[in-house]
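Peer 1: Chains as they are written, first to last, in the numbering used here: chain A, 1 to 66; chain B, 1 to 148. Heads up, the beta-carbon is just placed ideally off N, CA and C, and yes, glycines get one too.
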Amino acid sequence: MKNKLKIQRAIHDLTQDDLAKRISVSRQTINTIESGKYIPSTALALKMAKIFGIKVEELFQLEEGD
Amino acid sequence: MKKLPLLPHIYQRVGFLLFIPFLFLGIAYAGWDYEIPWLSYSKQVQQISDQIFSNHNFTDELAAVGLIVSLLLISFSKEKIEDEAIQFFRLASLQWAVLVNYMILILCVILVYGSGFLSVILYNMFTILIIFIVRFRFVLFQHNKSNA
Chain A
1 MKNKLKIQRA
11 IHDLTQDDLA
21 KRISVSRQTI
31 NTIESGKYIP
41 STALALKMAK
51 IFGIKVEELF
61 QLEEGD
Chain B
1 MKKLPLLPHI
11 YQRVGFLLFI
21 PFLFLGIAYA
31 GWDYEIPWLS
41 YSKQVQQISD
51 QIFSNHNFTD
61 ELAAVGLIVS
71 LLLISFSKEK
81 IEDEAIQFFR
91 LASLQWAVLV
101 NYMILILCVI
111 LVYGSGFLSV
121 ILYNMFTILI
131 IFIVRFRFVL
141 FQHNKSNA
């Protein structure tokens with residue numbers, strides 16, 4: 001699964017730590033999601049999309065093989 | 001994701017603190033037959049004409065229960081920040097531990113016979129939790145290291 005978390009963070013001028021605090025997870029978890037090692041739950045994906053004011057599909061996209 | 005029922009983080013430290021003395025007690029009992037004197041129990045049993053004395057010392061029971069409880073406290077307490085990624089790692093580590101534990105057990109079933117197998121079963125009471133704790137700590141260490 002691809003994600004545009006890093007880009008969206010840059011657009012909204014948020015550090016990993018800022019985003020982590022706003023959705024009550026650890027900074028490491030944000031990093032793991034960004035690098036594609038961990039796929040978040042629907043609830044967490046919706047929370048992140050809400051913060052960036054975009055749809056979940058814009059933040060996360062399926063890849064071939066998913 | 002639905003949150004798993006876990007103990008507060010402080011119980012992890014309590015678990016580690018309890019684990020050390022119970023581990024030493026278990027080693028002392030298993031290695032040198034050490035018994036805590038005041039844990040002895042003696043009961044006189046009347047059987048027709050003979051008198052049988054039933055003696056038992058509860059040091060081994062105390063060590064086993066203490067070890068299992070302390071390992072459970074370590075295993076099932078929350079991390080400082082218990083988010084869904086940590087919960088995922090926790091479940092994945094538990095699955096890994098169960099698999100590895102039973103693979104070791106299968107090997108022991110094939111290779112160990114007689115009274116030696118009794119020791120295998122004895123240690124097997126603790127190994128599943130120990131393997132889980134080691135695996136989970138290792139996964140968390142890697143998770144934190146890769147993000148440092």
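#1: List the residues of chain A whose Cβ lies closer than 7 Å to the Cβ of His143 of chain B, in chain order.
#2: Show which residues of chain A have a CB atom less than 8 Å away from the CB atom of Phe88 of chain B.
#3: For Gln12 of chain B, list the residues DSSP reports as bridge partners.
#4: So, with DSSP's three-state summary, where would you put Leu7 of chain B?
#5: Taking only the alpha-carbon atoms, compute the straight-line gap between Lys2 of chain A and Leu7 of chain B and give it to the nearest angstrom.
#6: Which residue comes first and which comes last in the alpha helix (DSSP H) that contains Leu99 of chain B?
#7: Since His143 of chain B is in the alpha helix (DSSP H), which residue starts that stretch and which ends it?
#8: Taking 9 Å as the CB-CB limit, is Val56 of chain A close to chain B?
#9: So the candidates are B:Val65, B:Leu140, B:Gln142; which of them puts its Cα closest to the Cα of Leu122 of chain B?
#10: Which bits of chain B does Leu44 of chain A rub up against, with CB to CB less than 7 Å?
#11: Taking the C-alpha atoms as reference points, what is the distance between Asn124 of chain B and Ser77 of chain B?
#12: Is the distance from the Cβ of Gln47 of chain A to the Cβ of Ile11 of chain A below 9 Å?
#13: Per DSSP, Lys2 of chain A forms a beta bridge with which residues?
#14: With C-beta atoms as the reference, is Ile133 of chain B less than 9 Å away from Leu71 of chain B?
#15: Counting only beta-carbon separations shorter than 9 Å, does Ile81 of chain B have a partner in chain A?
#16: Are Leu129 of chain B and Ile74 of chain B touching if we call contact CB-CB under 9 Å?
Peer 2: So, from the data block:
#1: Stepping through the second sequence from its first residue, residue 143 of chain B is reached at position 143. What His143 of chain B touches in chain A: Gln28, Thr32.
#2: Here residue 88 of chain B is taken as the residue at index 88 of the second sequence, counted from 1. Neighbours of Phe88 of chain B on chain A, chain order: Tyr38.
#3: Translated into the one-based positions of the second sequence, residue 12 of chain B becomes position 12. According to DSSP, Gln12 of chain B bridges with nothing at all.
#4: Stepping through the second sequence from its first residue, residue 7 of chain B is reached at position 7. Residue state, collapsed to three classes: strand.
#5: Residue numbering aside, residue 2 of chain A sits at position 2 when the first sequence is read from its first letter. Residue numbering aside, residue 7 of chain B sits at position 7 when the second sequence is read from its first letter. Computed Cα separation, rounded: 35 Å.
#6: One-based indexing of the second sequence puts residue 99 of chain B at position 99. First-last of the alpha helix (DSSP H) with Leu99 of chain B: 84 to 111.
#7: As a working mapping, residue 143 of chain B is identified with position 143 in the second sequence. Segment 115 to 145, the alpha helix (DSSP H) holding His143 of chain B.
#8: The sequence position of residue 56 of chain A within the first sequence is 56, counting from 1. False, the Cβ-Cβ gap to chain B never drops below 9 Å.
#9: The count along the second sequence starts at 1 and reaches residue 122 of chain B at position 122. Taking only the C-alpha atoms, the option nearest Leu122 of chain B is B:Val65.
#10: Here residue 44 of chain A refers to the residue found at position 44 when the first sequence is read from its first residue. Counting only Cβ-Cβ distances below 7 Å, Leu44 of chain A has contacts in chain B at Glu84, in chain order.
#11: Counting from one through the second sequence, the residue named residue 124 of chain B turns up at place 124. Counting from one through the second sequence, the residue named residue 77 of chain B turns up at place 77. Approximately 22 Å, taken between the alpha carbons.
#12: As a first step, residue 47 of chain A must be located in the first sequence, where it is residue number 47. As a first step, residue 11 of chain A must be located in the first sequence, where it is residue number 11. Sequence check: residue 47 of chain A is Lys here, not Gln. Contact: no.
#13: In the first sequence, the residue the question calls residue 2 of chain A occupies position 2. Paired residue(s): A:Gln61.
#14: One-based indexing of the second sequence puts residue 133 of chain B at position 133. One-based indexing of the second sequence puts residue 71 of chain B at position 71. Yes, these two residues count as a Cβ contact at 9 Å.
#15: Sequence index remark: in the second sequence, residue 81 of chain B carries index 81 (1-based). Yes, its Cβ sits closer than 9 Å to a Cβ of chain A.
#16: The residue you call residue 129 of chain B lines up with position 129 of the second sequence. The residue you call residue 74 of chain B lines up with position 74 of the second sequence. Yes, Cβ-Cβ distance for Leu129 of chain B and Ile74 of chain B is below 9 Å.
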